[in-house]
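Report on the structure given below.
In this note's numbering, the protein residues as written are 856 to 987.
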């Protein structure tokens, strides 16, 4: 009965580890996509700034339209930065959950070893018991 419970516990732990791994992989992919989008925005932003300064030969756009595009670009970049921060926080949470799981597993193993070697867990007498 005890071995069956230990086996089921190990299976549940393994499933939770796999879930965290899949989440971490998804977050990594999202961060990579986010980086690509940020690079593209940066390139477009540099080009747009040159046009605004008159360093580029794009006489087709008026200054109002270019300023509007530049502000839209800044808003999009800020949105991506917030999203990146959220993803990094989620990744950190996953790392902490994984660390906690490993610590709990070590604790269970130590408790199992201590239980086998000692037979029963004995509590020390309370030093203040005689005062009661």
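We put the beta carbon where it would ideally sit given N, CA and C, even for glycine.
Roughly how far, in whole angstroms, is the beta-carbon of residue 935 from the beta-carbon of residue 886, given that I think they are within contact range, below 8 Å?
Walking along the chain shown from the start, residue 935 turns up at place 80. Walking along the chain shown from the start, residue 886 turns up at place 31. Not a contact, Cβ separation roughly 11 Å.
Where the alpha helix (DSSP H) through residue 916 begins and ends:
Indexing the chain shown from 1 puts residue 916 at position 61. No alpha helix (DSSP H) contains residue 916, which DSSP labels as neither H nor E.
Tell me the residue span of the alpha helix (DSSP H) that contains residue 900.
Numbered from 1 along the chain shown, position 45 holds the residue referred to as residue 900. Residues 857-908.
Under a three-way DSSP split, which group does residue 911 fall into?
Numbered from its first residue, the chain shown carries residue 911 at position 56. In the structure shown, residue 911 sits in coil (DSSP, three-state: anything other than H, G, I, E or B).
Going straight from the alpha carbon of residue 900 to that of residue 952, what length do you get?
As a position in the chain shown, residue 900 is number 45, starting the count at 1. As a position in the chain shown, residue 952 is number 97, starting the count at 1. Their backbone Cα atoms lie some 39 Å apart in a straight line.
Using DSSP with H/G/I as helix, E/B as strand and the rest coil, what is residue 968?
Position 113 of the chain shown holds residue 968. Correct three-state label for residue 968: helix.
Distance between residue 956 and residue 967 (C-alpha atoms, nearest Å)
Numbered from its first residue, the chain shown carries residue 967 at position 112. Numbered from its first residue, the chain shown carries residue 956 at position 101. Looking at the two C-alpha atoms, the distance is approximately 16 Å.
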